Structure formats: C-alpha cells, structure tokens
Amino acid sequence: MVGRRQKNPLSFSCNRGFTLLELLVVLAILAILGAVAIPVWSVLLPAFALNGAARQIQSELHRIKRQAISENVTFRLAFSETGDNYTVERVGGTTTQQGIKPLPNGIDIRNAITLGFTSRGTATPGTGGTIKLCNSKGAGTNIVLSSTGRVRICKTKACDGTC
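The numbering of the sequence shown is my numbering, which starts it at 24 and goes up by one.
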C-alpha cells in the first residue's frame with residue numbers, strides 16, 4: 024500500500040460558519056451598545072437641530088446680502104411673532120415677500136427682530152443686532168449681524184447667554 028496517505032488524527036477539520044454561542048455573544052454586545060447609544064442620541068438631536076437652524080439663518084442672511092448687492096436694492100429677513108418661521112422681503116418701491124420659511128421643530132427665537140442689508144452689503148440702519156435661538160434642552164446660539172454686514176454664529180451655554 025504505497026502512496027496511500029492516512030489522515031492525521033491531530034489535524035482540525037475546516038468547518039466554516041459561526042457557532043450559536045458566537046452569534047449570541049455578538050447580539051449581546053450589539054444590545055449593550057444600543058442601550059448606551061439611544062440616550063446619547065436623544066441628547067444630541069436637539070443640539071443638531073439648533074446648529075442646523077443657526078446655519079440655515081446664517082446662510083439665508085448671506086444669500087440676501089448677495090442678492091441686495093446684485094439687485095441694488097434693500098432686502099430684509101423678518102421673523103414672525105410666534106418665532107417659528109421667517110420671511111425674506113425685498114424692499115424697493117413696494118415691499119414684496121419671497122415666501123415663509125419654517126425653522127426646525129423645537130427651536131425658538133427669543134428676540135424676533137428684523138435684519139436687513141442695503142445695496143452696499145451693510146446692515147440697514149437700526150436692523151443690526153443679535154438673534155437668540157434656543158432648543159428644547161435650554162441650549163442657545165446667537166446669530167450676530169454687525170453694522171458692517173458681517174454675519175457670525177456665537178454658541179452660548181444657555182439661552183440667555185451672551186457672546
């Protein structure tokens with residue numbers, strides 16, 4: 024019997040797949056990670072909404088500043104009395120509204136002021152200032168419009184905080 028090889032009893036067979044125990048361990052780890060992540064996620068969502076609303080208003084202010092310069096007319100951003108939306112208005116001869124834009128849910132505006140830009144890109148007299156945004160957790164962000172037309176976001180720890 025030459026050429027016949029015998030199987031080595033010490034070699035391991037090459038079985039593929041996972042055992043039931045391995046799958047249960049992985050599921051337990053995923054359950055623990057999920058239990059930790061859900062409370063953290065609920066804390067982060069209001070912060071994300073606040074940041075998104077601040078960036079939305081900042082980009083809207085940048086847009087109407089460019090539009091005021093290009094059309095050589097004054098534009099303004101006016102917040103509603105309820106503080107949950109705003110309108111962009113073109114002021115020239117007659118004032119025309121360009122639509123109502125809502126803010127994300129859970130975001131409040133603490134001081135509903137009107138911000139505007141002249142045809143030179145500077146803030147219209149009497150409309151510069153600070154908009155205070157607050158979320159449901161009490162965190163705040165200020166959007167500051169200087170008299171030169173610079174728009175910036177200033178984060179605060181509380182809604183009544185200043186930059």
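All C-beta atoms, glycine included, are put in the ideal place defined by N, C-alpha and C. Because the structure is a prediction, the values reported are computed rather than measured.
Any idea what DSSP makes of residue i, helix, strand or coil?
i    : result
R267 : Residue 267 lies beyond the stretch modelled for the chain, which goes from 24 to 186, so this question has no answer here.
I69  : It should be pointed out that residue 69 corresponds to Pro in this sequence rather than to Ile. DSSP places P69 in helix when its eight states are reduced to three.
K178 : strand
L43  : helix
I132 : strand
Is the beta carbon of residue i sitting closer than 7 angstroms to the one on residue j?
i    : j    : result
P127 : A72  : yes
A146 : S170 : yes
I166 : Q79  : no
A181 : G152 : no
R133 : K155 : yes
I130 : N108 : no
Sort out for me which residues DSSP pairs residue i with in a bridge.
i    : result
G8   : There is no way to answer for residue 8, as the model of the chain reaches only from 24 to 186.
T97  : V114
Q120 : E112
P127 : Paired residues: none, contrary to the question.
Just to confirm my understanding: we take residue i, look at its own chain, exclude 5 residues before and 5 after, and list those with CB closer than 7 angstroms. What are they?
i    : result
G172 : K88, F140, G144, T145, A146
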